[in-house]
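Be aware that the sequence shown starts at 32, since it is given in our numbering, and climbs by one per residue.
Glycine included, every Cβ here is placed at the ideal spot set by N, Cα and C.
No experiment lies behind these values; they were computed from the predicted model shown.
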Amino acid sequence: MSAFVGFAGLAREAGISLGEAVFMTGIVWALPAKVVLIGAIMTGASLPAAAFAVALTSVRLTPMVVSIVPELRAPGTRPVVLYLLSHFVAVTSWVLAMEHMRAVPRPMRTAWYCGLGGALVLVNMVVVAVVYSVAGSLPPTLSAALLMLTPLYFLTSLWGSARESASHLAMAFGLVLGPLFHVLTPGFDLMAAGVVGGTAAYLLHRVGRRGRRRGGEGAA
């Protein structure tokens, strides 16, 4: 919810109307995709280019969908139901589902996840509408602070849900390398920081795991 507070401020600053911002919140259910779409609108990108950019940001959700569908599927579950529920897959709903869904009886999981995803969408639509309406009366400093809620939300939620040290290392490398690549490769800074930081974290994790495995074999 806090991330959509920042999104509402961003949409207002970009000249997106209230109705468009609320519509985007319900239809484009992935905050980075909405941010990319607003960026494409602000830069005057063509419709195919904007659609391609939004699609690229959504590809990252594919592993989440692949991991959650087997947990949702029950005997007799129709594929169309799983397709529709995939619309709700994003960081927040995925983290909550993976933490709590296994306690839900399997025949009830699709209904449970539909309620979770639908509630998140409706609440965030209301949040965007309210914040968008009052953002114009806020001091400039507070309006700028609203924009920071989005990256802070993603950082804290991903950090808390990470199960391996490699994920923590990747985020730490990204925080350090992001400003550096912003100076060295403007326009490609996020991609460069993600590729370099993620690769370095993965390699360090593999080396550490191999070392622990050899230590265990030696002790045995």
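Excluding the 5 residues preceding and the 5 following residue i in the sequence, name in chain order all residues of the same chain whose CB lies nearer than 7 Å to its CB.
i           : result
residue 69  : 41, 42, 45, 47
residue 220 : 209, 212, 213
How would you label residue i, buried or exposed, when you count the other beta carbons within 10 angstroms and need 16 or more for buried?
i           : result
residue 55  : buried
residue 109 : exposed
residue 38  : buried
residue 141 : buried
residue 167 : exposed
residue 228 : buried
residue 234 : exposed
residue 114 : exposed
residue 60  : buried
residue 173 : exposed
residue 190 : exposed
residue 158 : buried
residue 238 : exposed
Under three-state DSSP, which class holds residue i?
i           : result
residue 170 : coil
residue 92  : coil
residue 59  : coil
residue 99  : helix
residue 312 : Coverage of the chain is limited to positions 32 through 251, which leaves residue 312 absent and any answer about it impossible.
residue 137 : helix
residue 146 : helix
residue 107 : coil
residue 152 : helix
residue 219 : coil
residue 209 : helix
Can you tell me the Cβ-Cβ gap for residue i and residue j, rounded? I've got them flagged as a contact below 8 Å.
i           : j           : result
residue 225 : residue 205 : 6 Å
residue 64  : residue 88  : 5 Å
residue 151 : residue 128 : That pair is no contact at about 11 Å.
residue 85  : residue 67  : 6 Å
residue 62  : residue 163 : Actually they do not touch by this definition, with Cβ atoms about 15 Å apart.
residue 197 : residue 236 : 4 Å
residue 186 : residue 232 : With a Cβ gap of about 15 Å, residue 186 and residue 232 do not count as contacting.
So that I know if they touch, is there some Cβ in chain C lying closer than 9 Å to that of residue i?
i           : result
residue 214 : Of the protein chains in this structure there is only one, and it is not chain C.
For residue i, I'd like the list of residues in its chain whose CB is within less than 6 Å of its CB, leaving aside the five on either flank, ordered along the chain.
i           : result
residue 160 : 53
residue 58  : none
residue 137 : 105
Take residue i and list the residues in its own chain whose beta-carbon comes closer than 8 Å to its own, dropping the five residues that flank it on each side.
i           : result
residue 116 : 103, 141, 144, 145, 148
residue 119 : 60, 144, 145, 147, 148, 149, 151, 152
Would you call the region 130-148 in contact with the region 101-113, where contact means no fewer than 3 C-beta pairs closer than 8 Å? yes
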